[in-house]
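Single-structure report; data block below.
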Amino acid sequence: MKISALLAFLVGAVASNTVLAQAGADSVRQIEKYRDALMDGNPADLWEARGEELWKRVRGPRAVSLEHCDLGKGPGVVKGAYAELPRYFADVDKVMDLETRLVYCMTVLQGLPRGEVLRRTFGDGSNRSDFESLAAFITAESKGVKMAVGMNHPKEKEAFKLGEKIFFHRGGPHDFSCATCHSESGKRIRLQDLPNLTDEKDAQRAYTTWPAYRVSQGELRSMQWRLYDCFRQQRFPELTFASDTSVALTMFLARNANGGVFNAPAIKR
Amino acid sequence: MKIMSISNKSLDVLLAVGLLTSCVAFVSDSEYRAQAMKLMGADFKARGQAGLDRLNQDEANAACSRTPADGPLSKSASAAIEKANFARLKYPADGKLLGDWREGERIAQSGVGKQFNDDPSRPAGANCYACHQLAPKELSFGTIGPSLLGFGKLRGTSRAIQEYTFGKLYNPQAYTACSNMPRFGHNGILTEAQIKDLVALLLDPESPVNK
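Going down the list, the protein sequences come from chains A and B. So in the numbering used here, the last spot in the first sequence is 404, and the numbers never skip. So in the numbering used here, the last spot in the second sequence is 217, and the numbers never skip.
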């Protein structure tokens, strides 16, 4: 599979904004076509491989690998784990999403210093983020699995309700909330389609396709990054990585996507 | 307000009681709202021009932050928001409402401004094209708001229309409570001069919007 050749073509097609603006829907259709063609040659593979290596590497003062980390289905079980996250973890008496759980396992299980663990939460071109690599590996192990986020524990229900409130919280200089851009179907900003994240089908399609390799950035991006960057567009301050706010919002989005077949890491514009 | 001061602890107690009696504890909507506000206050970091005060809500934003279960705002509450916002409209002292449509087109195209990574010393854009169709040659437009193609040709350029258009850009909620459109003047995103240029973009017969 000549990934690099296809990729060069795709990047070329997207790089020129003016071309995109003029050709409009045509370009979008072209990109869809090449996206399909790329499906069996997604550069996200590189992040998945790095993530798998990180998962298995013995690290930290306690000299253990993350294979001892319990993502909810027992220590070391990765298969299908992401499709049930966020979830309540009895050992910490809290609801955690993937990233929060990884921070917990790295600091408590491996004994790595928190500051070091959180040094690079998102990749920046020359440096990759361990979290994005681990997310690529772990989410890939839920490919083909139906989203099944539970709400049996009161704290899971609480996280969902809080996430819902955060989703609809209007503020900032533009009076924006997530709902401004994501609560009506068939809308777009400029030429970018906006998923209605309160609609089952749209929510499923959006949630099950993150993480994604972003062609325009040459980076693999996690759902965490998506939230961080949407808050920037919302003109809010900076969202803290693996915070309770982040977990609650993720709970709201993930639960709304229940029943959707997970299909990421994907590839996007 | 009493509910604003509900502590983590008391919520935990509520939930624990729920667990013991093996039924879900009843937590009211306003308690969730207060708790969510508390989380956000702790989980955002001020960066650049975006301080934590941006999480705060005025009366309109508090009333408009509604979930589907809340349903739409009542007619009387909507009217109250419109009245309060209308009363705070500020028209230019010189009485002139029409600026330069060419400058208006540049402002309408620009999406910079107010994000934590934006340079606050540069004037903000309005990003009208993100949500509206305006000049017909611009194909890259969004659909969150209605098409404004031919706005001035359809509405005319009477003083009343000029005042409505300036007022709408200054504060859309003076006319439509809970509008998804930013309150460009009221919230200090755009200057008075910038809004005049945008009014010209919408109304001037020479503007591409009306060609």
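We put the CB at the ideal spot given by N, CA and C, even for glycine.
(request) Just tell me which of A:Leu-220, A:Trp-190 and A:Gly-307 has its CA closest to the CA of A:Glu-291. (result) A:Leu-220
(message) In the DSSP assignment, the beta strand (DSSP E) including A:Met-231 goes from what residue to what residue?
(response) 229-231
(message) Considering only DSSP beta bridges, list what A:Pro-210 is partnered with.
(response) A:Asp-205
(request) Take the Cβ of B:Ala-56 as the centre, count every other Cβ of all protein chains shown within 10 Å, and call the residue buried at 16 or more, exposed below. (result) buried
(message) In this structure, how does DSSP classify A:Lys-281 when only helix, strand and coil are distinguished?
(response) strand
(request) Kindly list, in the order they appear in chain A, the residues whose Cβ is closer than 7 Å to that of B:Gly-131. (result) Result: empty, since nearest Cβ-Cβ is about 12 Å, beyond 7 Å.
(request) Measure how close the beta-carbons of A:Arg-370 and A:His-309 come, nearest whole angstrom, since I'm counting them as under 8 Å. (result) 5 Å
(message) Three Cβ pairs or more, each shorter than 8 Å: is that satisfied between the stretch 315-330 of chain A and the stretch 376-385 of chain A?
(response) no
(message) Distance check for A:His-203 and A:Gly-195, CA to CA, integer angstroms please.
(response) 13 Å
(request) Might you give, ordered along the chain, the residues of its own chain that have their beta carbon closer than 6 Å to the beta carbon of B:Cys-137, omitting 5 neighbours on each side? (result) Gly-148, Ile-150 and Gly-151
(request) Would you kindly work out how many angstroms separate the C-alpha atoms of B:Gln-41 and A:Leu-297, rounded to a whole number? (result) 7 Å
(request) State the CB to CB distance for the pair A:Ser-277 and A:Tyr-217, rounded to an integer number of angstroms; the pair is presumed to be in contact (CB under 8 Å). (result) 4 Å
(request) Pick out the complete alpha helix (DSSP H) segments inside the stretch 96-170 of chain B, 4 residues or longer, and give them in chain order. (result) 107-115, 134-137 and 157-161
(message) Counting only Cβ-Cβ distances shorter than 8 Å, please list the residues of the stretch 189-203 of chain B near chain A, keeping chain order.
(response) Arg-189, Asn-193, Gly-194 and Ile-195
(message) For A:Phe-397 and B:Lys-174, what's the separation of their Cα atoms in angstroms?
(response) 43 Å
(request) Go through its chain and collect everything with a Cβ distance to B:Thr-171's Cβ below 7 Å, but skip five positions before and after it. (result) Val-205, Leu-208 and Leu-209
(message) Quick check on B:Lys-174 - is its C-beta less than 8 Å from some C-beta in chain A?
(response) no
(request) Note down, in chain order, all residues in the stretch 369-400 of chain A with a beta-carbon under 8 Å from any beta-carbon belonging to chain B. (result) Arg-370, Phe-371, Pro-372, Glu-373, Leu-374, Thr-375, Ser-378, Asp-379, Thr-380, Ser-381 and Ala-383
(message) Considering only their Cβ atoms, is the gap separating B:Tyr-176 from B:Leu-58 smaller than 8 Å?
(response) no
(request) Would you kindly check if the distance between the Cβ of B:Gln-200 and the Cβ of B:Pro-142 is under 8 Å? (result) no
(request) Determine the extent of the alpha helix (DSSP H) in which B:Tyr-38 is found, giving its start and end residues. (result) 35-49
(message) Tell me the residue span of the beta strand (DSSP E) that contains A:Tyr-348.
(response) 347-349
(message) I need the DSSP call for B:Lys-89, collapsed to helix, strand or coil.
(response) helix
(request) Out of A:Asp-364, A:Phe-257, A:Val-284 and A:Phe-295, point me to the one whose CA is closest to B:Val-33's CA. (result) A:Phe-295
(message) So if DSSP puts A:Asp-328 in a beta bridge, which residue, or which two residues, is it bridged to?
(response) A:Arg-323
(request) Measure the alpha-carbon distance for B:Leu-79 versus B:Thr-182 and round it to whole angstroms. (result) 12 Å
(message) Am I right that A:Ala-399 and A:Thr-315 are in contact with their C-beta atoms under 8 Å? What's the rounded C-beta distance?
(response) That belief does not hold up - the Cβ atoms of A:Ala-399 and A:Thr-315 are roughly 25 Å apart, past 8 Å.
(request) Report buried or exposed for B:Ser-213, applying the criterion of at least 16 other Cβ atoms within 10 angstroms of its Cβ. (result) buried
(request) May I have the straight-line CA-CA distance separating B:Gly-158 from B:Ala-114, to the nearest angstrom? (result) 16 Å
(request) May I ask you to report which of helix, strand or coil DSSP gives A:Ala-184? (result) helix
(request) Take A:Pro-178 as the anchor and find which of A:Ala-275, A:Lys-229, A:Leu-247 and A:Tyr-223 has the nearest alpha-carbon. (result) A:Ala-275
(message) Please give me, in chain order, every unbroken run of the beta strand (DSSP E) with length at least 3 that falls completely inside the stretch 352-399 of chain A.
(response) 354-356
(message) 8 Å is my cut-off, CB to CB: does A:Glu-183 come that close to chain B?
(response) no
(request) Report the option in B:Leu-140, B:Gly-131 and B:Lys-102 whose CA atom is closest to the CA atom of B:Lys-120. (result) B:Gly-131
(request) State the CB to CB distance for the pair A:Lys-300 and B:Arg-39, rounded to an integer number of angstroms; the pair is presumed to be in contact (CB under 8 Å). (result) 5 Å
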